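Student: Please see the structure below; I have some questions.
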Amino acid sequence: MTSLSSFENSRYQIKGAVFISASSSGVGRVCAKILAEKGFWVFTGLRNLDKARSLQQETGGNTTPILLDVTKEDSIISAATQVAEVLSQKNLKLLGIINNACHEFHGPLELLPIEFAPQEMEVSYLGSAE
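Taking our numbering, the leading residue of the sequence shown gets 411, the next gets one more, and so forth.
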């Protein structure tokens with residue numbers, strides 16, 4: 411991982427930090443790459459840390475992967491603690507949070523299994539409120 415001091419000597423100056431949930435692929439991953447390129451330290455919330463390695467390489471190492479399952483309170487508390495520690499170490503402020511975590515169920519509502527409703531509420535709505 412690139413240290414903050416070597417990153418500061420690169421072409422970008424760290425402006426602050428942003429947290430993005432569900433950043434292993436899709437919109438979350440693209441947001442992480444763009445924000446890192448714009449000079450932000452990016453905390454990438456992922457359920458699988460193996461996917462974080464390639465993202466760190468693509469962003470020049472100015473990301474901190476955080477294991478996060480938005481449906482589990484202990485995971486949320488652990489993620490918040492890790493973010494606070496890194497912010498303190500790097501003397502950064504958290505400037506924004508992008509809640510990208512969601513379930514993707516496709517099809518007419520009446521054809522989806524009944525289990526869809528509580529899962530959708532837990533991940534897409536209640537998880538971000540925690």
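Built from N, CA and C at the ideal position, the CB exists for glycine as well.
Please read these numbers as outputs of a predicted model, since none were measured by experiment.
At a cut-off of 6 Å, is Lys-461 close to the ligand NAP when judged by its beta-carbon and the heavy atoms of the ligand?
Tutor: Of the ligands one can find in the structure shown there are none, so the ligand NAP has no counterpart to examine.
Student: What would DSSP say about Ala-446, mapped onto helix, strand or coil?
Tutor: The sequence position of residue 446 within the sequence shown is 36, counting from 1. Three-state result, Ala-446: helix.
Student: Going by the beta-carbon positions, is the gap between Ala-432 and Ala-511 smaller than 7 Å?
Tutor: The residue given as residue 432 occupies position 22 in the sequence shown. The residue given as residue 511 occupies position 101 in the sequence shown. Yes, the pair counts as a contact, with Cβ atoms nearer than the cut-off.
Student: For Leu-522, does the three-state DSSP call read helix, strand or coil?
Tutor: Sequence index remark: in the sequence shown, residue 522 carries index 112 (1-based). Three-state result, Leu-522: coil.
Student: Tell me whether the beta-carbon of Lys-443 lies closer than 7 Å to the beta-carbon of Thr-469.
Tutor: Here residue 443 refers to the residue found at position 33 when the sequence shown is read from its first residue. Here residue 469 refers to the residue found at position 59 when the sequence shown is read from its first residue. Yes, the Cβ-Cβ distance between Lys-443 and Thr-469 is below 7 Å.
Student: Answer yes or no: do Leu-502 and Ala-427 have a C-beta to C-beta separation smaller than 7 Å?
Tutor: The residue given as residue 502 occupies position 92 in the sequence shown. The residue given as residue 427 occupies position 17 in the sequence shown. Their beta carbons are under 7 Å apart, which means Leu-502 touches Ala-427 by this criterion.
Student: Just the Cα atoms here: how many angstroms apart are Lys-448 and Lys-482?
Tutor: Translated into positions along the sequence shown, residue 448 becomes position 38. Translated into positions along the sequence shown, residue 482 becomes position 72. Using only the alpha carbons, I get a separation of about 31 Å.
Student: Under a Cβ-count criterion, where at least 16 other Cβ atoms within 10 Å of its own Cβ denotes burial, should Pro-518 be classed as buried or exposed?
Tutor: Working through the sequence shown from its first residue, we reach residue 518 at position 108. The residue in question, Pro-518, is exposed, as its Cβ has fewer than 16 Cβ neighbours within 10 Å.
Student: For my contact list, Ile-486 and Val-480 are in at a C-beta cut-off of 8 Å; report their separation, rounded to the angstrom.
Tutor: Walking along the sequence shown from the start, residue 486 turns up at place 76. Walking along the sequence shown from the start, residue 480 turns up at place 70. Confirmed, about 7 Å.
Student: With a CB to CB cut of under 7 Å and the five nearest residues on each side skipped, what residues in its chain are close to Leu-505?
Tutor: On the sequence shown, residue 505 is found 95 positions in, with the first residue counted as 1. Cβ neighbours of Leu-505 beyond the five flanking positions: Gly-426, Ala-427, Val-428.
Student: When the Cα atoms are used, what is the spatial distance from Ile-508 to Leu-521?
Tutor: The sequence position of residue 508 within the sequence shown is 98, counting from 1. The sequence position of residue 521 within the sequence shown is 111, counting from 1. Roughly 30 Å separates the two Cα atoms.
Student: Taking the alpha-carbon positions, what's the Leu-478 to Leu-456 distance?
Tutor: If you number the sequence shown from 1, residue 478 lands on position 68. If you number the sequence shown from 1, residue 456 lands on position 46. Roughly 5 Å between the two C-alpha positions.
Student: Check each candidate in Ser-488, Ala-462, Val-496 and name the one with the smallest Cα separation from Gly-438.
Tutor: Reading the sequence shown from its first residue, position 28 is the one you call residue 438. Among Ser-488, Ala-462, Val-496, the Cα nearest to that of Gly-438 is on Ala-462.
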